[in-house]
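*Asks:* Take 169 as the starting number for the sequence shown in my numbering and just add one per residue.
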Amino acid sequence: MKFLFLIGLLPAFFSCSEKPFTVAVTFPEAAGLKPGDNVAMRGLAIGQVRDVDLAEAGVVVRLEIQPRFAHHLDDKASFQIEEEKLVTGKRRVAVVPGAPPGVPLASGATVAGAALPEDMIDRARGALKDSVQEAEAALKHSVDHARDQVKGLGRAVLDPDTQAPRTRGDTVDLDQPRHFRIRVLGVKVHATTADGKDWDSMGDPEIMVQVWVDERQVLLADGGSALAAEFEDAVSEAFDLTAETRIQVKVFDRDATLNDEIGVAELTPKPADAASKRVFRLAAGRIEEVRVTVEEVTP
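1) Grouping DSSP H, G and I as helix and E and B as strand, with all else coil, what is residue 187?
2) How many whole angstroms separate the CB atoms of residue 216 and residue 204, which I take to be in contact at a CB cut-off of 8 Å?
3) Could you compute how far the alpha carbon of residue 391 sits from the alpha carbon of residue 404?
4) Need the endpoints of the beta strand (DSSP E) that residue 451 sits in, please.
5) Considering just the uninterrupted stretch of the alpha helix (DSSP H) at residue 441, what are its terminal residues?
6) Is residue 221 buried or exposed, if buried means 16 or more other CB atoms sit within 10 Å of its CB?
7) Taking C-alpha atoms, which residue in 250, 374, 236, 202 lies nearest to residue 422?
8) Nearest to residue 224 by CA position, among 210, 435, 197, 358, is which residue?
9) Assuming contact is defined by CB atoms lying nearer than 8 Å, are residue 352 and residue 381 in contact in what I supplied?
10) Please name the residue or residues paired with residue 247 in a DSSP beta bridge.
11) Going by C-alpha distance, which of 259, 193, 247 is nearest residue 206?
12) If you draw a straight line from the C-alpha of residue 251 to the C-alpha of residue 274, how long is it?
13) Nearest CA to the CA of residue 459: which residue from 465, 429, 418?
14) Go through its chain and collect everything with a Cβ distance to residue 209's Cβ below 8 Å, but skip five positions before and after it.
15) Based on Cα-Cα distance, which residue from 278, 212, 253 lies nearest to residue 227?
16) Just checking my contact of residue 281 with residue 248 at CB under 8 Å: how many whole Å lie between their CB atoms?
17) Using 8 Å as the limit for Cβ to Cβ distance, is residue 194 near chain B?
18) Pull up the distance between the alpha-carbon of residue 244 and that of residue 194, whole angstroms please.
19) Kindly indicate which residue of 232, 456, 283, 463 has the alpha-carbon position closest to the one of residue 354.
20) Where does residue 311 land, buried or exposed, given buried means 16+ other C-beta within 10 angstroms?
21) Please state if the CB of residue 347 and the CB of residue 440 are separated by a distance shorter than 8 Å.
22) Only counting the same chain, and skipping five residues up and downstream in sequence, which positions put a Cβ closer than 7 Å to that of residue 452?
23) Three-state secondary structure (DSSP) at residue 382?
24) Under 8 Å, do residue 377 and residue 402 count as touching if we go by C-beta distance?
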């Protein structure tokens, strides 16, 4: 019984394992035919277009035919590209068997297809022309739309009624004072050796204080001859304050014979430091302490 059952499955097994039957057909042009389009004989779908490729004298279309229909293809059969559905423009390959039938084709054979009807070529070219015109129109619309947007942006930038003001960088009003300034409150230096000579034996240093904002000197204050000095009105010139502003406080002995730099302290204040009236207490080199504040300049 099992043996009979297995014998009954053999036809199905061999039918499932049959290799696809293929035919290569050459045409002058593809006329919109593409892989996946149907192959039909007398209105019945017998296979599909597997691929379309260029050839020396046109295109080669490879057809994959269902094996059970393969014996209907002979060397006298005609192959022609035609419209399957006029509305969508979809194509198919129509096969007409030879009458009388010729020699059956072998799988993998190459045959010549029929020339395309002139009206079909004209419609294909017309469809291509329409597609190109539609693409050109769409591109022109996109370019015009982009141009209008750019013009609108330009008007918005120039018209204060349509664009809210926005700052770009730091604006300097030349008719108004600058924004911030440094006030030096006091300085104290270590009693130590300067250029090989002790201040205690040579007398106290003659303290000078410089304030530099980036590459610009904004303050030079005289602290007198002492190891410590308090200042009442040591206020710098006004300057802009940004995140990149570099401020240096230099303390030195103005005695030309010693030419002694006591120390250079650096700070990076923020506008909030002026609002909070923060006092910076800094030490550097032989500076024991220098006290400074940042003040906002009022017009």
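C-beta atoms are modelled at their ideal positions from N, C-alpha and C, and glycine is treated no differently.
*Replies:* Taking the coordinates as given:
1) coil
2) 6 Å
3) 15 Å
4) 447-452
5) 439-444
6) exposed
7) 374
8) 197
9) no
10) 263
11) 259
12) 27 Å
13) 418
14) 237, 240, 262, 263, 264, 265
15) 278
16) 6 Å
17) Here chain B cannot be found, since the structure has a single protein chain.
18) 15 Å
19) 456
20) exposed
21) no
22) 431, 432, 433
23) coil
24) yes
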